[in-house]
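S.K.: Start counting the sequence shown at 1; every next residue gets the next number (UniProt numbering).
Okay, handing you the structure first.
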Amino acid sequence: MSKERRNFERRKTDTFATVATIGGQDLDTAARVLNLSVDGIRLATPAALVPEHRYRVKLAKTDSWFEIVVRERVGDECRCRIESSWDDLQDVIRQSDDLTLLLLGSSDTEEDDR
Numbered sequence: 001m002s003k004e005r006r007n008f009e010r011r012k013t014d015t016f017a018t019v020a021t022i023g024g025q026d027l028d029t030a031a032r033v034l035n036l037s038v039d040g041i042r043l044a045t046p047a048a049l050v051p052e053h054r055y056r057v058k059l060a061k062t063d064s065w066f067e068i069v070v071r072e073r074v075g076d077e078c079r080c081r082i083e084s085s086w087d088d089l090q091d092v093i094r095q096s097d098d099l100t101l102l103l104l105g106s107s108d109t110e111e112d113d114r
């Protein structure tokens, strides 16, 4: 695992996203991204996302989509697993002004490798 990926920690965000079916039908164009990590995303959305189903997400101010699978839904909050590769997710994050700072600089200390 790269140092950049290891240093990408789960962070609270202040951005929105569009959630769509795999076929491209928008379900929510203003879903709130509660937090984001390499493996998962938590979304606040009134859209009827079904657990174990696959969807596409596009972060605000970006033009690239990544895929998620809903793990569970609690009220208006969906906890999802990210299905896209790290490289694809990293490209999306770099496009987002709100999330660029989440790609933390890596340090070269030995502790990082433990």
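Heads up, the beta-carbon is just placed ideally off N, CA and C, and yes, glycines get one too.
The structure presented is a predicted model; accordingly, all values stated were derived computationally and were not measured.
Taking the alpha helix (DSSP H) that residue 89 falls in, what are its first and last residues?
M.R.: 86–95
S.K.: Rounded to whole angstroms, what is the Cα-Cα separation between residue 32 and residue 17?
M.R.: 6 angstroms
S.K.: Going by beta carbon distance, what residues of the same chain come within less than 7 angstroms of residue 76, once the five residues before and after it are set aside?
M.R.: 44, 45 and 46
S.K.: Starting from residue 26, trace the beta strand (DSSP E) in both directions and tell me its first and last residue.
M.R.: 26–36
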